[in-house]
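Basically my numbering = 1-based index in the sequence shown + 104.
Only one structure is covered here, and it is reproduced in the block below.
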Amino acid sequence: MNFILPLCCVATAIGGWRIIHRQKMSWVLLFIGLVVAAFFGCIPSRAQALSQIPLVAASKPIAPVVAPNNIQPAASQQLSASVTDKHPYAVYFVLIAASLAAMASLASSSLAAWVAWKSKDKEYRNDYYKKVIDKRMKAIEAAEEMLSILSMYKAADDGSGTYYEYFEMDLGPEILTSATKKFASLTTWSSRELVLQLRQLVDIVSAVCIEADGVEKSKQQAVYVRRYPIVNSKLLEIQYLIGLEMEQLYDVKGFFKNRYSQFKPRT
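Have a look at this one:
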């Protein structure tokens, strides 16, 4: 029996170490170790217990107690109970009960502390996710602002087709440049696909403007009408990607995993 107490101490130490490192079943191991250690640590050996507790049986034998006939049953039960209370092993059960009560109190306190720590950790994670989602929402709003500048279209004067009004706006390039800079400051919080498609959209719009500047003013609408399908296709693709961004907005871990999967640390 002497090896049980050190073994329980080792189990208790392992349980405490696993708690620090957030391992599974840590509290169960710690609780079992403490309970078993208290159980075997508080109960002395039989010989030691008998030598420490004075017994009348060591000096002379005790005559058996016989209740007279005139003693009522209740009095007989009280007499038997008084004899039972003098039994030496009753002390052991008292120690066991006290040890288990102490261990239960320790376990409940530890559980309360663990619950409080988990609640605090969850609150911190929720605040972190909220900030990331707010950043991503701002990036999506900046992308939508760019689309709103380019989305208005009208029919050509000669009825040959439709084109986007942006190409005839006097301040169109300045407005688009301002919106592009705003989105560029938030590209960290957008998916790589959305950033790539918006860059391609800006390149297409710039190419159309350069092409229109190389012809006469009366022929510029024809250039805009001819390039309308290309611009329209890119706008629809970007709108689809924005919808995906909104659908997966809550998935913060997945966003960072996909966003920076191409970057590898230098070895």
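Even for Gly, the Cβ is constructed at its ideal location relative to N, Cα and C.
- A260 carries a coil assignment under DSSP once its states are collapsed to helix, strand and coil.
- Your pair K242 and L290 checks out as a contact, with CB atoms roughly 6 Å apart and the cut at 8 Å.
- Within the same chain, Cβ atoms closer than 7 Å to the Cβ of E297 are found at L345, the five residues on either side in sequence being excluded.
- Comparing alpha-carbon positions, the option among E349, I244, Y328 and A246 lying closest to Y268 turns out to be Y328.
- Secondary structure note for T281: its alpha helix (DSSP H) is the uninterrupted segment G276 to A288.
- Between the C-alpha atoms of L251 and R331 there is a straight-line separation of about 17 Å.
- Counting along the chain, Y328 sits inside the alpha helix (DSSP H) bounded by residues Q324 to E351.
- When Cβ pairs closer than 8 Å are counted between the two stretches, the stretch 345-354 is seen to touch the stretch 229-249, the count reaching three or more.
- Secondary structure note for T266: its beta strand (DSSP E) is the uninterrupted segment T266 to Y268.
- A direct Cα-to-Cα measurement between V312 and D261 gives close to 19 Å.
- Following the DSSP letters along the chain, one finds S255 in no alpha helix (DSSP H), marked with neither H nor E.
- Membership of E297 in the alpha helix (DSSP H) is indicated by the continuous run R296 to D317.
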